[in-house]
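Residue 1 is where the sequence shown starts when you use full-length UniProt numbering, and the numbers rise one by one after that.
The C-beta atom is built at its ideal place from N, Cα and C for all residues, glycine as well.
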Amino acid sequence: MSANEDSHARRDARNTWLLSAPALFILTFAAAGPLLIMLVYSFLTPGDYGNVVWKFSTDAWVGTVLSKDIFDGTYSLADAHLTIFWRSVKLSLITTFFTFIVGFPTAWIIATRSPQMRTALLFLITIPFWTNLLIRTFAINQIIRNEGLLNTFLLYLGVIDEPLLIIYSDFAVFLGMTYVYLPLMVLPLFAAIDRFDMRLIEAAYDLYASRWQVLRRVILPIVRPGIVAGSILVFIPALGAYVTPRILGGGRNMMIGNFIELQFGQGRNWPLGAALSVLLLVIVAVALVFYVRITSRESSNG
């Protein structure tokens, strides 16, 4: 390479970095910056009235899984914390599974319609995004509450004698999150199914494959990228959900997002809230890396 070409290459590289500087600045201070603050706060001491005292301490990290007796100073498992973590993971997994069960046939129907009908159906799927999450959650509340639309209708038909106790339960939270995050599963599945070659199904039937074999051995492996993308888009926000558990679950059915908010609010324990936030981030990151690697390995083997 001549000196002139080398100079041009260095100038192009410098211009590329200069053009990328605003985006890198925003990513650093708007994304990585708050995470770094949470990490630092998790190793500090809680203040008496909120905030933090700049004194190094690992009590917040210990407090995520252990609780200290105020009388004798002994440690035991923090049952409340573990219960909230388990409820969050359980409801997120169930929500992801049921959004897939409902979203896959929905996406298949949309992808196999005519172009005009497909556009109309996709429009209907995206309509909920036009409304604020809080309003959508309140709409579910008005349907399933004791005096809501569902109980009123069932009482009118004589199907039940007293209102069904759905609101403020794990089932209510699951129902709300399934409704809220269903479009996030349908759209990636539709994108994957839309590229699917339907002639492969005819070939499988010609080889005497059953419908179950066609679904399991032909369709699902090919549309797996859409399944992975939809599962990620549903599981991550469901795990950190705050509005839906707060409105539909009440104070008795708290999830990890509500518990973190409680530590920064009434609990006045910012280091514990920060430690829980970082721990949640690490768990999600590890789970996603493991899940994507397993899925990629299965796809390459298939």
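Query                                                                                                                        : Result
Short Cβ contact (9 angstroms threshold) for residue 201 with residue 214                                                    : yes
Other residues of its chain near residue 247: CB distance less than 7 angstroms, five sequence neighbours each side excluded : 137, 138, 141
Three-pair Cβ contact test at 8 angstroms for the stretch 164-182 versus the stretch 74-83                                   : no
Selected residue, minimal CA-CA separation from residue 274, among 120, 32, 42, 95                                           : 42
Distance, residue 270 Cα to residue 75 Cα                                                                                    : 21 angstroms
Where residue 163 falls: helix, strand or coil (DSSP)                                                                        : coil
Beta-carbon proximity list for residue 174, same chain, < 8 angstroms, skipping 5 on both sides                              : 91, 94, 95, 98
Continuous alpha helix (DSSP H) assignments of at least 4 residues falling wholly in the stretch 143-214                     : 149-157, 170-194, 199-206, 211-214
Alpha helix (DSSP H) segment containing residue 41, residue limits                                                           : 33-41
Where residue 114 falls: helix, strand or coil (DSSP)                                                                        : coil
Residue 61 beta carbon less than 9 angstroms from that of residue 279                                                        : yes
Residue environment, residue 52, which counts as buried when at least 16 other CB atoms sit within 10 Å                      : buried
Contacting residues, own chain, Cβ-Cβ under 8 angstroms from residue 38 (five flanking each side not counted)                : 274, 277, 278
Straight-line gap, residue 224 to residue 199 (C-alpha atoms, nearest Å)                                                     : 18 angstroms
With 16 other Cβ atoms within 10 Å as the buried cut-off, status of residue 257                                              : buried
Residue 76 (DSSP reduced to helix, strand or coil)                                                                           : strand
For residue 195, the nearest candidate out of 226, 152, 293, 208 (CA to CA)                                                  : 226
Start and end residues, alpha helix (DSSP H) containing residue 239                                                          : 224-239
Proximal residues to residue 66 (C-beta, below 8 angstroms), its chain only, five neighbours per side dropped                : 75, 76, 77, 78
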